[in-house]
Amino acid sequence: MLNDSDKTEIKKIVKSELKPLERTLESVKESVINLEQDRKILKDIWEFIFACRTLWTISPRMNAREYILPRK
Numbered sequence: 087m088l089n090d091s092d093k094t095e096i097k098k099i100v101k102s103e104l105k106p107l108e109r110t111l112e113s114v115k116e117s118v119i120n121l122e123q124d125r126k127i128l129k130d131i132w133e134f135i136f137a138c139r140t141l142w143t144i145s146p147r148m149n150a151r152e153y154i155l156p157r158k
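Our numbering puts the first residue of the sequence shown at 87, with every later residue one more than the last.
If you want it as structure tokens, here you go:
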């Protein structure tokens, strides 16, 4: 049977082993957050490029407002 001293020693060992894993986990979390932010920026850029490309293909006689909001 474990006594209090043994339990305390086991907790210390487990904590010391978990510290590097916690640091690694924090690093991975930061990387994931950065990737998500980059993905959002790239998505915005892509949508802007697509919108510009769409506007460039509009007939010269039709303005952008008519293209986006067709007549009823």
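For glycine and all other residues, C-beta sits at the position ideal for the given N, C-alpha and C. Model, not experiment: these values are computed from the prediction.
- Within the model, the alpha-carbon separation for SER91 versus THR110 is close to 30 Å.
- Under the three-state reduction of DSSP, ASN89 is assigned to coil, being neither helix nor strand.
- When rounded, the separation of the alpha-carbon atoms in ASP130 and PHE136 is 10 Å.
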